[in-house]
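Report on one structure; see the data block that follows.
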Amino acid sequence: MKQQLIRQLLFWGIWLVIPLIVDIIGGVIGAIFITVSYFRKKKLDIGYLPDITILIPIYNSENTLENCLNSVINQTYPIEKISVMLINNGKRDKAYNVFCSFQERNPRLKVWWLDSSSGKAKALNKGIYMANGKYIINIDSDGVLDKEAILKVVEKFETNPDICAMTGVVLTDPELIEETKLKNLRLIQRCELFEYIEAFLIGRGFQSQVNMMFTLAGAFSCYRREIIMKTQLYNNETLGEDTHMTSQIRELLDGKIALCEEAFFYVDPIDDLDKLYIQRQRWQRGQMEVSALFNEIANKNTKRFINVLKVTIIKDHSLVFPRFIWIFAMMYLVFLDYPLTLVVGANLILYIVYVITSTIYFFIAKLFLKEKKQIKDYVNKHWYIILLLPIYRFVVFFIRVAGIINAVEKNASWNTKTFSQEREIVDVRLKKNLSLYYRIKGWINNG
19 MKQQLIRQLL
29 FWGIWLVIPL
39 IVDIIGGVIG
49 AIFITVSYFR
59 KKKLDIGYLP
69 DITILIPIYN
79 SENTLENCLN
89 SVINQTYPIE
99 KISVMLINNG
109 KRDKAYNVFC
119 SFQERNPRLK
129 VWWLDSSSGK
139 AKALNKGIYM
149 ANGKYIINID
159 SDGVLDKEAI
169 LKVVEKFETN
179 PDICAMTGVV
189 LTDPELIEET
199 KLKNLRLIQR
209 CELFEYIEAF
219 LIGRGFQSQV
229 NMMFTLAGAF
239 SCYRREIIMK
249 TQLYNNETLG
259 EDTHMTSQIR
269 ELLDGKIALC
279 EEAFFYVDPI
289 DDLDKLYIQR
299 QRWQRGQMEV
309 SALFNEIANK
319 NTKRFINVLK
329 VTIIKDHSLV
339 FPRFIWIFAM
349 MYLVFLDYPL
359 TLVVGANLIL
369 YIVYVITSTI
379 YFFIAKLFLK
389 EKKQIKDYVN
399 KHWYIILLLP
409 IYRFVVFFIR
419 VAGIINAVEK
429 NASWNTKTFS
439 QEREIVDVRL
449 KKNLSLYYRI
459 KGWINNG
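So the mapping is simple: the numbering used here equals the position in the sequence shown, first residue as 1, plus 18.
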């Protein structure tokens, strides 16, 4: 009886404590903070609207640039106070023709074309040097701004002088999701949208409240010009140039970084599983590179009660492999004669807990989507995605593990091997090893 009790405690302890600590408890605390902040939110009203500069790096952007520029000119912010710099960081292609055509049709908007060295970081640095607005806003060329995005960013900056930098809410575009013909891919894209909603409105929202923002979204980030000019600008030697800039402001300048929860930017959903695989590995590697660069500086920063880098490393890296082992422990427990119903039941309980947590996030996030009818109606219509999110995150978790393993490679590149390419490599190696095994076996059997 005693031995059985110990086995039960050991099982439930290992099986439930790790996910509870890593995901559930932190998520619930964050949800509470976000809910309180929503009801404490005050209506912002400013009389002065300063000049701002929008930087848009250009790389293979001929098909998306026009929509991006149209979203700028359709802003509720006064058009005469907006300057746009298109910084080409690749070979000049048809995107330049798009720029010329747009400029001819919209002479009221100040738009410049700059040629830069290859690399997004170098392009942004050139744009920063040329910018003259009070605030600098970086957006990707393959996305579109919500019509009130710039106004909401400026309002928050002007009414919160302690904020040095901000990120907006980046979501995938529901209209583009519905244009996807493949049903399974469309389902993954909807999961991606729900993931982004949670990541920004709940995750980054909580980080913003406690001033623990780890990274500004590269697709939509905003800075006070006077602050960004005090940094070392963007680092072109890491895949995480946005995280590197965030760390500079937080660790070197002790600046406050926030989320502008009312400023939205819409990007394309993933094209396929390979693109998701490359994207998440790139994010994971960039995070690790920047953490290594700033680890010593963060340890010496005595002004902060909580070391943001250490917390992130522990959560996203140190606990990854215990969780990885924990997943495969399921099969091991069956071999230890644990009842299959017990193992399956534990997984079912965890699944239900994750679904309940996502449901809580869903209703809290909808508070912030109240003014965004299209997004709100879309997520209401596809509420069932909440049931698929634990499975989607399970897949993304394995991609993150692959990203950590691949980060051991010395040289980084923007495009890593895709899932299909790595699967082919594994297949070739397995066939080669099995072929060698059977040759040795035949040699032994034939004497």
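Yeah, the Cβ is synthetic: ideal placement off N, Cα and C, and Gly gets one too.
Selection 50, 259, 90 evaluated against residue 234 yields 259 as nearest (Cα-Cα). Residue 372 counts as buried, since at least 16 other C-beta atoms from the protein chains shown sit within 10 angstroms of its C-beta. Around the beta carbon of residue 363, fewer than 16 other beta carbons lie within 10 angstroms, which makes this residue exposed.
Following the DSSP letters along the chain, one finds residue 263 inside the alpha helix (DSSP H) bounded by residues 259-265.
The C-alpha of residue 357 is placed about 50 angstroms away from the C-alpha of residue 238. Residue 192 and residue 389 have their alpha carbons spaced roughly 16 angstroms apart. Shortest Cα-Cα distance from residue 108 to any of 90, 51, 142 involves 142.
Only exposed fits residue 125, as fewer than 16 other CB atoms lie within 10 angstroms of its CB. By the criterion of a C-beta distance shorter than 6 angstroms, residue 111 is surrounded in its chain by 80, once the five residues flanking it on both sides are discounted. When beta bridges are read from the DSSP output, residue 79 appears opposite no residue.
The beta-carbon separation of residue 382 and residue 52, rounded to 6 angstroms, stays under the 8 angstroms limit for a contact.
The beta carbons of residue 189 and residue 215 sit about 6 angstroms from each other, so the pair counts as a contact at 8 angstroms. As DSSP reads the structure, residue 130 sits in a beta bridge with 103. Under the Cβ criterion (8 angstroms, minimum of three pairs), the region 166-183 does not count as touching the region 132-141.
Taking a C-beta distance under 9 angstroms as the contact criterion, residue 407 and residue 213 qualify as a contact pair.
Nearest neighbour of residue 289 by Cα position, chosen from 350, 299, 274, 203, turns out to be 203.
Under the three-state reduction of DSSP, residue 288 is assigned to coil, being neither helix nor strand. Non-local C-beta neighbours of residue 144 in its own chain, meaning closer than 7 angstroms and more than five positions away in sequence, comprise 105, 132, 134, ordered along the chain. 208 is the residue among 115, 270, 208, 299 whose C-alpha sits nearest the C-alpha of residue 398.
Residue 239 is bridged by DSSP to 156, 185.
Per DSSP, the unbroken beta strand (DSSP E) holding residue 161 starts and ends at 161-163. In the three-state reduction of the DSSP assignment, residue 166 falls in the coil class, being assigned neither a helical nor a strand state. Put simply, of 170, 119, 69 the residue whose alpha carbon is nearest the alpha carbon of residue 63 is 170. With 16 or more other Cβ atoms from the protein chains shown falling within 10 Å of its own Cβ, residue 375 counts as buried.
Per DSSP, residue 377 is one residue of the alpha helix (DSSP H) stretching across 358-386. No Cβ-Cβ contact shorter than 9 angstroms links residue 48 with residue 236. The count of Cβ pairs closer than 8 angstroms, one atom from the region 158-165 and one from the region 266-273, stays below three, leaving the stretches out of contact. Around the C-beta of residue 197, fewer than 16 other C-beta atoms lie within 10 Å, and the residue is accordingly described as exposed. Put simply, of 84, 232, 210, 187 the residue whose alpha carbon is nearest the alpha carbon of residue 410 is 210. In the three-state reduction of the DSSP assignment, residue 256 falls in the coil class, being assigned neither a helical nor a strand state. Residue 71 is a Cβ neighbour of residue 151, given a cutoff of 9 angstroms. When beta bridges are read from the DSSP output, residue 71 appears opposite 101, 154. C-alpha of residue 154 to C-alpha of residue 414: approximately 33 angstroms in a straight line.
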